[in-house]
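What follows is a single structure, written as structure tokens, with notes after it.
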Amino acid sequence: MKIVEYSKQDISAFFQLRKAQSNKSDYGKFLVIAGSVGMTGALRLCVDSCYRSGAGLVYYTATKKYMMEYDALTVEGITVPLEDIKEHIQNKDCICIGCGLSLNEQNHLLLKRVLELSKCHVIVDATALKMIALEKDLLKRYKGRMTILPHPGEMSVLMGMSIDEIQKDRVNTAY
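This is the structure we're talking about:
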């Protein structure tokens with residue numbers, strides 16, 4: 003694992019002006035696996051963040067039962083039926099999983115499938131981190147690039163440490 007610290011200059015290099023002759027697919031295809039009943043705001047924030055950071059196309063999952071409700075949340079996001087997720091896992095540039103997901107067996111299996119089938123950069127947050135804490139071998143399954151985004155409470159569960167211990171030395175705890 004490697005910790006990288008970026009300066010403002012480093013970050014600005016990632017955000018270049020878009021070419022006049024380009025289209026959405028030139029700027030990356032992202033898949034967001036987030037949200038659940040009562041936690042749709044997490045999905046919306048995640049999809050909006052993808053667009054704000056430069057993603058060209060952002061797909062997000064929903065069961066067929068909730069697709070219309072989720073469609074009302076975003077202006078540009080593209081809904082992927084959860085039942086058809088396998089083909090979408092394999093052809094994206096980045097996958098974000100966990101924000102606002104319910105902690106249940108179906109989502110646990112979904113996380114396993116993402117880590118087994120995906121070859122792109124995977125961002126793991128929130129509930130997906132709790133699932134990893136329950137089954138740490140999940141991290142070993144994934145051979146690609148992964149970013150985890152734990153807040154101190156989630157890091158506490160992952161590391162088996164108190165929040166106070168983590169807060170005293172966040173960088174070395176993460177490393």
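Residue numbers (our numbering): 3 to 177.
Backbone N, C-alpha and C fix where the C-beta goes; we use that ideal spot for every residue, glycine too.
If you're wondering where the values come from, they're calculated on a predicted model, not measured in any experiment.
I'd like to know if the stretch 20 to 35 and the stretch 53 to 67 are in contact, where contact means that at least 3 CB-CB pairs between them fall below 8 Å.
The stretch 20 to 35 makes contact with the stretch 53 to 67; the number of CB pairs closer than 8 Å reaches 3 or more.
Can you check the stretch 100 to 148 for any alpha helix (DSSP H) of at least 4 residues that lies completely inside it and give the ranges in chain order?
107 to 119, 128 to 136 and 140 to 143, all fully within the stretch 100 to 148.
Leaving aside the five residues before and after M41 along the sequence, list all residues of the same chain whose C-beta is less than 7 Å from its C-beta, in chain order.
Cβ neighbours of M41 within its own chain (closer than 7 Å, five residues either side excluded): G102.
Report yes or no: do the stretch 104 to 119 and the stretch 128 to 145 share at least 3 C-beta pairs separated by less than 8 Å?
With the cut-off at 8 Å, the stretch 104 to 119 and the stretch 128 to 145 touch.
Measure the C-alpha to C-alpha separation of S9 and R20 and round it to an integer number of angstroms.
Whole-angstrom Cα-Cα distance: 22 Å.
Could you check how far apart the C-beta atoms of G56 and S27 are, in whole angstroms? I think they sit under 8 Å.
Contact between G56 and S27 fails: their C-beta atoms lie close to 13 Å from each other, not under 8 Å.
From this set, L84, Y53 and L75, which residue's C-alpha is nearest K67's C-alpha?
Ranked by Cα distance from K67, the options L84, Y53 and L75 are led by L84.
Within this structure, are the beta carbons of A176 and I13 separated by less than 8 Å?
Against a cut-off of 8 Å, the Cβ pair of I13 and A176 comes out as no contact.
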